[in-house]
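Q: Going by numbering that gives the first Met the number 0, the first residue of the sequence shown is number 0, and it counts up by one from there. Note that beta-carbon positions come from the ideal geometry of N, C-alpha and C, so glycine has one too. All values derive from a computational prediction rather than experimental measurement. Provided herewith is a single structure, encoded as structure tokens, for subsequent inquiry.
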Amino acid sequence: MKTPISDILKTIPKLPGIYIMKDGHGEILYIGKAKSLNTRVRSYFQKSQNMPVRTRIFTDKVCDIKFLTTKTEAEALILESNFIKKHQPRYNVLLKDDKHYPYLRLTTQEKFPRLEVIRRVKKDGATYFGPYTMVKEIRETIRLIYKIFPLRQSRDRLDGTPLRRPCLNYQMGRCLAPCAGYPSMKEYQQVVQDVKLFLKGKNNELIKSLEKKMNSAANQLNYEEAGVYRDKILAVQTVLSKQKIISTSLEDQDILGYCRENNQVMIQILIVRNGKMVGEKNYRIKILDDAGNNEILSSFLKQYYADEIILPKTILLPQSIDECSLIEDWLSKKKEGRVRLEIPLRGKKRDLLNMAKENANFALRTELDKGELGLRSLEELKETLELKYFPEVIEGFDISNISGKHAVGSVVVFKNAISANSEYRRFKIENVQGIDDYAMLREVIGRRYSRILREQKVLPNLILIDGGKGHLSSAERTINELGISGKVDLACIAKGKFRNNVETDEVLLPGKKKSVYFRENSPSRFLLQRIRDESHRFAISYHRKLRKKSSLASPLESVSGVGKKKRLLLLKNFGSLDAIRRASLIELQTVPGITKKLAQKIMSTLGPEWTKKNSKI
């Protein structure tokens, strides 16, 4: 028997913490934090004319309230942001972003640091730079660093002990060859310091350092070395001339631009490091109409900075928020240094806010226009194909194989005409031998929707198959067997009379003899073709991956009892796979860990000729 809300309210303590409101099915409706849980939660159930509509809606559904107490309100704030991110409650303002922007990671916790691209920042002692919002930008940066600074590119774990002879990069003057034990740690660390200055944007300091080295080399009549430093200075100066300085204060700033239209909000963050704008991020947030700007900004700050490790000194906001001091304290503790939230009213900082706002406005208009076009294409699709359901969720299928080998299937998911990449799935064909695309399609569809039914997840509105009449019949048969016929719409998109001309593509429907053709420049036709092409791309990329993996596989991998370590020992002792094949039974047993029984397995796996050769031993 469920406890009435009135009885639950009596048990809530007057302590800081978070509260979790659930409906009758156990679904979390809302998560909040409070300085006093008792006072805050009780306020939701007091009759008031001023209560927002959204609050009134979800409090009517509340059947249970859970709470977690904390020592301070700051701890409650951190707990709230973590719980909201994890559970995504329906009535909270949610920051939904599946992008993880790349960072450059300089492994300064190692004796001989190297540079790598990562998407998750960790507290591991390394030095991080970023984020970089464009992949092209980060690749150009890495290419330039390796050109200017002799930083190692290998991934070896180095402790100063020579591992091998120097590679070509050393011969080209692009590496000091720490893998060969050539440079001292002090010499290599100087290179690392120069890389740090470059990535931090402190290029003036870097140029002074390089000029000092150039002059020193010239004074010692080492003109070739001086010329190398001269070229590095010119390269850095070229980079410096391209950088856009937007702040003379040379401090790290995040600038939040804000634009709202009905229940759609776009927030843009301009990322400024050392006075130079290094990138921008856009976040679109869907809210209920009565959500206040104060709540939206506060929720955004808590959710966005919950996962950020590299924090700026200053965050510029377009307006004040109620929890300003609390969020400041939280971010300062996280940064281990002072973080200020500023609301500038005039001057250069206000101009930067206005610039961010204009960009946010433009980004929102672009997104809304795209959404309107997608909605029109879906409406046209439903009307033209006479679909039973509005095609809000479309799943596209394709099969890829060569003569039945490495056969795979793919499913791509589009929601409101936009690809949902995180929900893409791929299948390795398990139960079909030889060339039978129809049977493969039946297997993939069967596995896909058997699992959805088993896990009681929501079915798509439209299933789209890349293929012709045979594929349509196979898909229809499987859907009938699963018992979902009539619960989803089904269609096939096939190449028309001229296979290389997308204008002749035709759509096939169950129970209809005639194909459906779309008008010229139809947005719904473009949408179907896009889904078809995406499912084909996803399937063939997986097929190629399996093919490549198979072609690179070693026969030794199929020998049970021979793992990675033993394979490496065999190759180290004999030098090559051919040498292993030529080895006798006794020679194989000289390798540590290789018993007589295991040696016989290796010989039988490598082929009957080697077994025959050594049968008399």
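Under a three-way DSSP split, which group does ASN420 fall into?
A: In the sequence shown, the residue the question calls residue 420 occupies position 421. Helix, per DSSP.
Q: Per DSSP, what kind of secondary structure is THR313 in: helix, strand or coil?
A: Taking the sequence shown and counting its residues from 1, the one referred to as residue 313 is at position 314. The answer is strand: DSSP assigns THR313 an E or B state.
Q: Which full runs of the alpha helix (DSSP H) of 4+ residues lie inside the stretch 126 to 213, going along the chain?
A: Counting whole runs of 4 or more residues, the stretch 126 to 213 contains the alpha helix (DSSP H) stretches 134 to 147, 167 to 170, 184 to 198.
Q: Write down every uninterrupted run of the beta strand (DSSP E) in the stretch 262 to 307 whose length is 3 residues or greater and which is fully enclosed by it, in chain order.
A: Complete beta strand (DSSP E) runs here, min 3: 263 to 272, 275 to 285.
Q: Use the C-beta contact count for ALA355: other C-beta atoms within 10 angstroms, 16 or more gives buried, fewer gives exposed.
A: What you label residue 355 is simply residue 356 of the sequence shown in a count that begins at 1. Looking at its Cβ environment, which holds 16 or more other Cβ atoms inside 10 Å, ALA355 is buried.
Q: Which two residues bound the contiguous alpha helix (DSSP H) that contains ASN37?
A: Reading the sequence shown from its first residue, position 38 is the one you call residue 37. It spans 36 to 43 - the alpha helix (DSSP H) in which ASN37 sits, taken as one unbroken run.
Q: Tell me the rounded alpha-carbon separation between LYS619 and LEU103.
A: Here the chain has residues from 0 to 616 only, and residue 619 is not among them.
Q: For the stretch 377 to 457, list the beta strand (DSSP E) runs that are entirely contained and at least 3 residues long, ordered along the chain.
A: Segments of the beta strand (DSSP E) lying fully in the stretch 377 to 457: 392 to 401, 404 to 414, 424 to 427.
Q: Along the alpha helix (DSSP H) that carries GLY510, what are the first and last residues, could you check?
A: Here the question's residue 510 lines up with position 511 in the sequence shown. Careful: GLY510 lies outside any alpha helix (DSSP H) and carries neither H nor E.
Q: Going by CA-CA distance only, name the one from ILE284, LYS312, ALA290, GLU260 that's closest to GLY619.
A: Here the chain has residues from 0 to 616 only, and residue 619 is not among them.
Q: For GLU341, which of ASP59, ILE314, THR589 has the nearest alpha-carbon?
A: Mapped onto the sequence shown, residue 341 falls at position 342. The option with the nearest alpha carbon to GLU341 is ILE314.
Q: According to the Cβ coordinates, are GLY278 and GLN267 closer than 8 Å?
A: Indexing the sequence shown from 1 puts residue 278 at position 279. Indexing the sequence shown from 1 puts residue 267 at position 268. Against a cut-off of 8 Å, the Cβ pair of GLN267 and GLY278 comes out as no contact.
Q: According to DSSP, MET371 sits in a beta bridge with which residue or residues?
A: As a first step, residue 371 is located in the sequence shown; it is residue number 372 there, counting from the start. It is Glu, not Met, that sits at residue 371 in the sequence shown. DSSP output for GLU371 lists no bridge partner at all.
Q: The beta strand (DSSP E) with ASP6 in it runs from where to where?
A: Here residue 6 corresponds to residue number 7 of the sequence shown, with the count starting at 1. Careful: ASP6 lies outside any beta strand (DSSP E), inside the alpha helix (DSSP H) at 4 to 10.
Q: So, at 6 Å on beta carbons, what are the nonlocal neighbours of ILE309 in its own chain, with the 5 sequence-adjacent residues on each side left out?
A: Reading the sequence shown from its first residue, position 310 is the one you call residue 309. Result list for ILE309: TYR127, in chain order.
Q: So VAL52 is in the alpha helix (DSSP H); what residue range does that whole segment cover?
A: As a first step, residue 52 is located in the sequence shown; it is residue number 53 there, counting from the start. Looking at the DSSP string, the run of the alpha helix (DSSP H) that includes VAL52 is 52 to 60.
Q: Taking all protein chains shown into account, do 16 or more other C-beta atoms lie within 10 angstroms of the C-beta of ASN400, making it buried, or fewer, making it exposed?
A: Translated into the one-based positions of the sequence shown, residue 400 becomes position 401. It is buried - the Cβ of ASN400 has at least 16 other Cβ atoms within 10 Å.
Q: Please go through the same chain and pick out, in chain order, the residues whose beta-carbon is closer than 7 Å to the beta-carbon of PHE573, but skip the five residues on each side of it.
A: For the purposes of this step, residue 573 is taken as the residue at position 574 of the sequence shown. Contacts found: ILE579, ALA582.
Q: In this structure, how does DSSP classify PRO582 when only helix, strand and coil are distinguished?
A: Stepping through the sequence shown from its first residue, residue 582 is reached at position 583. Checking the sequence shown, residue 582 turns out to be Ala, not Pro. It is coil, neither helix nor strand.
Q: Mind checking which residues open and close the alpha helix (DSSP H) that includes ILE83?
A: As a position in the sequence shown, residue 83 is number 84, starting the count at 1. First-last of the alpha helix (DSSP H) with ILE83: 72 to 86.
Q: Give me the residue from PHE299, PHE111, LYS387 with the minimum Cα distance to GLU186.
A: Locating residue 186 in the sequence shown gives position 187, counting from the first residue. Here the closest residue by C-alpha is PHE111.
Q: Tell me the DSSP secondary structure of ARG546 in three-state form.
A: As a first step, residue 546 is located in the sequence shown; it is residue number 547 there, counting from the start. ARG546 falls in the helix class under three-state DSSP.
Q: Please classify ASP465 as buried or exposed, where buried requires at least 16 other C-beta atoms within 10 Å of its C-beta.
A: Here residue 465 refers to the residue found at position 466 when the sequence shown is read from its first residue. So ASP465 counts as buried.
Q: On a CA-only basis, which of ASN49, TYR516, SER421 is nearest GLU382? Give me that one, please.
A: Taking the first residue of the sequence shown as position 1, residue 382 is located at position 383. Taking only the C-alpha atoms, the option nearest GLU382 is TYR516.
Q: Could you say if the stretch 477 to 488 and the stretch 404 to 411 meet the contact criterion of at least three C-beta pairs nearer than 8 Å?
A: Contact fails: fewer than three Cβ-Cβ distances are below 8 Å.
Q: Ordered along the chain, which non-local residues of its own chain (more than five positions away) have a Cβ less than 8 Å from that of LEU28?
A: One-based indexing of the sequence shown puts residue 28 at position 29. Excluding residues within five positions, the ones whose Cβ falls inside 8 Å are MET20, LYS21, ASP22, PHE57, LYS60, VAL61, PRO88, ARG89, TYR90.
Q: Would MET269 be called buried (16 or more neighbouring beta carbons within 10 Å of its own) or exposed?
A: Residue mapping note: residue 269 aligns to position 270 of the sequence shown, counting from 1. The amino acid at residue 269 is misidentified as Met; the sequence shows Leu. Buried, because 16 or more other Cβ atoms sit within 10 Å of the Cβ of LEU269.
Q: Measuring CA to CA, which of ASN293, LEU330, LEU300 is closest to ASP321?
A: By one-based count along the sequence shown, residue 321 stands at place 322. Ranking the options by Cα distance to ASP321, first place goes to ASN293.
Q: Decide yes or no for the touch test of the stretch 412 to 429 against the stretch 358 to 373: beta carbon pairs closer than 8 Å, at least 3 of them.
A: With the cut-off at 8 Å, the stretch 412 to 429 and the stretch 358 to 373 touch.
Q: For LYS565 and VAL392, what's the separation of their Cα atoms in angstroms?
A: Here residue 565 refers to the residue found at position 566 of the sequence shown. Here residue 392 refers to the residue found at position 393 of the sequence shown. Cα to Cα, LYS565 sits roughly 50 Å from VAL392.
Q: Name the two residues that bound the continuous beta strand (DSSP E) containing ASP251.
A: Reading the sequence shown from its first residue, position 252 is the one you call residue 251. Where ASP251 is concerned, there is no enclosing beta strand (DSSP E), given that its DSSP letter is neither H nor E.
Q: Distance, Cα to Cα, LYS596 vs ARG531?
A: One-based indexing of the sequence shown puts residue 596 at position 597. One-based indexing of the sequence shown puts residue 531 at position 532. Each residue's Cα considered, the two are about 52 Å apart.
Q: Out of PRO165, ALA359, VAL411, point me to the one whose CA is closest to LEU461's CA.
A: Within the sequence shown, numbered from 1, the residue matching residue 461 stands at position 462. Nearest of PRO165, ALA359, VAL411 to LEU461, Cα basis: VAL411.
Q: Run through the DSSP bridge pairs and tell me what LEU463 is partnered with.
A: On the sequence shown, residue 463 is found 464 positions in, with the first residue counted as 1. Note: LEU463 sits in a beta bridge opposite GLY395, ALA490.
Q: May I have the straight-line CA-CA distance separating GLU442 from SER449, to the nearest angstrom?
A: Numbered from 1 along the sequence shown, position 443 holds the residue referred to as residue 442. Numbered from 1 along the sequence shown, position 450 holds the residue referred to as residue 449. Whole-angstrom Cα-Cα distance: 10 Å.
Q: Please state whether the Cβ-Cβ distance between GLU72 and LEU325 is less than 8 Å.
A: For the purposes of this step, residue 72 is taken as residue 73 along the sequence shown, with counting starting at 1. For the purposes of this step, residue 325 is taken as residue 326 along the sequence shown, with counting starting at 1. Contact: yes.
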